[in-house]
Amino acid sequence: MQQQALDLSAIPVIDNHCHAYINYEQPLDARQYRRLFSEANSAAFTYEHVPQASYYRWALKELGRILDCAATEDAVLAKRASFSLPEFTALLLGEAQIEAMLIDTGLGGPEFLSLDAMRSLTGCRIEWVLRLEVLAQHLIAETHDFATFQARYLEELRDLPGRGIVSLKSIAAYRTGLDIQPVTDDQAATAFAEVCEDLTLGQRPRLVHKVLIDYIVHLGMAQAAAQGGIPIQFHTGYGDPDTDLRLGNPLHLRPLFEDSALENVPIVMLHESYPFTREAAFLATVYPNAYLDISYSVPFLDYHELLACTHQALGVAPWSKVLYSSDGFSIPEHGWLGAIHGRRVLADALRSMIEVGVLDHDEALTAATAILNENSRRVYRLR
Ligand SMILES: [Zn+2]
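This note's numbering runs 1092 ahead of the 1-based position in the sequence shown.
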């Protein structure tokens, strides 16, 4: 029997987790470029080994195709340098068909474009995802008085939708782990004093105190619940060496899923919780407010690994609980590569589900539309 092709190219993607671009004034050299394709911290390591990574080999081939040049690093970087950032962005996004980007502004410094600059550069709908730990760090630099800190933190979380914030985000996994416990105000005040002890006013800490991180996450989620259920994204699984992967297993999130006061807050487990995709898919299957994000660009997984993760997600979780993202950052390549992988891997996973009689063609198309687009529209209430 001739199988109908599963063409997902007409479905625009909503990228439910990514970061802003950097406005490079100079063309990137090989050393800088390779660093943008790795989560490793060591520049020497990245320079030596990224060219042997399957993701990078594939990225160069896709770049050679769209830039109409040889699929080599030299040729790609030379051709890339002949474009301005707006021209290059337009070329890649023209193919990627990204309807909206939900941008976590917690990654960054002055070199990252603002949300407004991203709006005018990409022409995409751009929405703001607020990273809680970074907000807290800003505030600690400004006050060493706990009551003032608490009041200002709550003030910054007031009327999130009115201020254009569609989701909160936590990187507790990177700092002290996902086993996030309730904390009293007294415990938080003591932890706050300990954090401030070694700081001068104006100095921004790198927050690594578990009690204080757990506190600000709970305070943030309580605000999200009180405002009708604003989602929160958690970094889970694979990250740079800052993360202790053992503590990034989403199974640690159980107390949050079990907390009835937070049941209206959608909890999005980012990055297919790699390699804990099955664990995350299980959570998305048993907890109504648990959602599993599949980041199709970062972490830098190749086709086969992403296909395996997609099967693991859809083999357990309803497709209404799975969201597409790229986790792209700094350069337009990642969001574009994520869209290519996302549509291709999803189509192949769904096609094999059709082949064995799990889905029919229309159901597969419905599932693809949900994952690439509609689930994010619903969860983040994008009107
Ligand atoms: Zn990210």
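All C-beta atoms in this analysis are idealised placements derived from N, C-alpha and C, irrespective of residue type, glycine included.
Since the model is a prediction, treat every value here as computed from it, not as a measurement.
Suppose you measure from the CA of residue i to the CA of residue j; what does that come to, to the nearest Å?
i	j	result
Asn1356	His1310	14 angstroms
Ala1462	Ile1106	10 angstroms
Thr1335	Ser1365	12 angstroms
Arg1223	Val1390	18 angstroms
Ala1233	Asp1419	28 angstroms
Val1360	Leu1155	31 angstroms
Gln1404	Phe1374	10 angstroms
Gln1229	Cys1161	45 angstroms
Leu1252	Ile1322	8 angstroms
Glu1397	Thr1377	22 angstroms
Phe1137	Ser1130	10 angstroms
Ala1145	Ser1352	44 angstroms
Asp1452	Leu1337	38 angstroms
Gln1189	Asn1465	11 angstroms
Met1093	Arg1436	With a pLDDT of 46 at Met1093, under the threshold of 50, the modelled position of this residue cannot be trusted, and the question is left open.
Ala1265	Phe1368	13 angstroms
Leu1442	Ala1459	8 angstroms
Gly1478	Asp1208	One cannot answer for residue 1478 here, as it falls past the ends of the chain, which runs 1093 to 1475.
Lys1302	Asn1115	34 angstroms
Asn1108	Gly1329	17 angstroms
Met1531	Ser1417	A query on residue 1531 cannot be resolved here, the shown segment of the chain reaching from 1093 to 1475 and no further.
Val1168	Ala1135	21 angstroms
Asp1278	Ile1308	13 angstroms
Tyr1147	Leu1299	32 angstroms
Asn1133	Arg1470	36 angstroms
Val1407	Leu1457	Before going further, note that residue 1407 is Gly rather than Val in the sequence given. Distance between the alpha carbons of Gly1407 and Leu1457 is about 16 angstroms.
Tyr1379	Leu1348	10 angstroms
Arg1346	Ala1285	29 angstroms
Pro1333	Gly1312	26 angstroms
Thr1164	Thr1181	20 angstroms
Glu1281	Ser1412	What sits at residue 1281 in the sequence shown is Ala, not Glu. Their backbone Cα atoms lie some 40 angstroms apart in a straight line.
Leu1246	Trp1150	45 angstroms
Glu1086	Tyr1388	Because residue 1086 is not part of the residues shown, which for the chain are 1093 to 1475, the question remains open.
Arg1449	Gly1320	According to the sequence provided, residue 1449 is Gly. The question's Arg does not apply to it. Roughly 40 angstroms between the two C-alpha positions.
Ala1294	Ala1283	The displayed chain sequence assigns Gly, not Ala, to residue 1294. Each residue's Cα considered, the two are about 19 angstroms apart.
Measure the beta-carbon distance from residue i to residue j and round it to whole angstroms, keeping in mind my assumption that it falls under 8 angstroms.
i	j	result
Val1287	Pro1274	Not quite, the Cβ-Cβ distance comes to about 19 angstroms (not below 8 angstroms), so this is no contact.
Leu1100	Ala1439	5 angstroms
Arg1244	Ile1305	So it is not a contact: roughly 17 angstroms between Cβ atoms.
Leu1249	Phe1241	Contact flag wrong, Cβ pair sits at about 13 angstroms.
Leu1339	Asp1394	Actually they are not in contact, since the Cβ atoms of Leu1339 and Asp1394 sit about 26 angstroms apart, beyond 8 angstroms.
Gly1269	His1344	6 angstroms
Leu1429	Asn1467	Their Cβ separation, rounded to whole angstroms, is 21 angstroms, which puts Leu1429 and Asn1467 out of contact at 8 angstroms.
Glu1225	Ile1263	5 angstroms
Taking CB distances under 8 angstroms as the criterion, tell me whether residue i reaches chain B.
i	result
Ala1372	No chain B appears in the structure shown, which is made up of a single protein chain.
Nearest CA to the CA of residue i: which residue from the options?
i	options	result
Ala1409	Val1390, Glu1397, Tyr1383	Tyr1383
His1236	Leu1399, Gln1189, Asp1290	Asp1290
Leu1064	Leu1464, Asp1454, Leu1399	Any answer about residue 1064 is impossible in this case: the structure gives the chain only from 1093 up to 1475.
Gly1200	Val1437, Ile1423, Ala1192	Ile1423
Phe1392	Leu1438, Glu1247, Arg1126	Arg1126
Glu1179	Gln1325, Met1193, Ile1158	Ile1158
Ser1212	Ile1272, Asp1196, Leu1231, Ala1192	Ala1192
Trp1220	Gln1325, Gln1096, Glu1117, Gln1295	Gln1325
Ala1177	Leu1205, Leu1270, Arg1346	Contrary to the premise, residue 1177 reads as Leu rather than Ala in this sequence. It is Leu1205 whose Cα lies nearest to the Cα of Leu1177.
Ile1386	His1433, Asn1341, Pro1347, Arg1346	His1433
Glu1371	His1363, Pro1342, Asn1381	Pro1342
Pro1119	Leu1152, Asn1108, Asp1166	Asp1166
Thr1111	Lys1413, Leu1194, Ala1135, Lys1153	With the sequence shown as reference, residue 1111 is identified as His, and Thr is not the correct amino acid for it. Selected option, being the one with the closest Cα: Leu1194.
His1327	Leu1429, Leu1354, Asp1196	Asp1196
Glu1140	His1363, Arg1346, Gly1449, Gln1124	Gln1124
Arg1473	Gly1449, Tyr1388, Pro1358, Val1450	Pro1358
Ile1103	Arg1475, Ala1239, Gly1449, Ala1431	Ala1431
Asn1238	Thr1276, Val1142, Met1210, Gly1254	With the sequence shown as reference, residue 1238 is identified as Phe, and Asn is not the correct amino acid for it. For Phe1238, the nearest C-alpha among the options comes from Thr1276.
In chain order, what are the residues with a CB under 6 angstroms from some non-hydrogen atom of ligand 1? His1109, His1111, Asp1196, Asp1419
**Item:** Given 8 angstroms, three or more beta-carbon pairs between the region 1206 to 1217 and the region 1184 to 1193
**Value:** yes
The region 1313 to 1327 in contact with the region 1248 to 1266 per 3-pair CB rule at 8 angstroms | yes
> Three or more beta-carbon pairs under 8 angstroms between the region 1167 to 1184 and the region 1423 to 1437, yes or no?
Replying inline: The region 1167 to 1184 vs the region 1423 to 1437: in contact.
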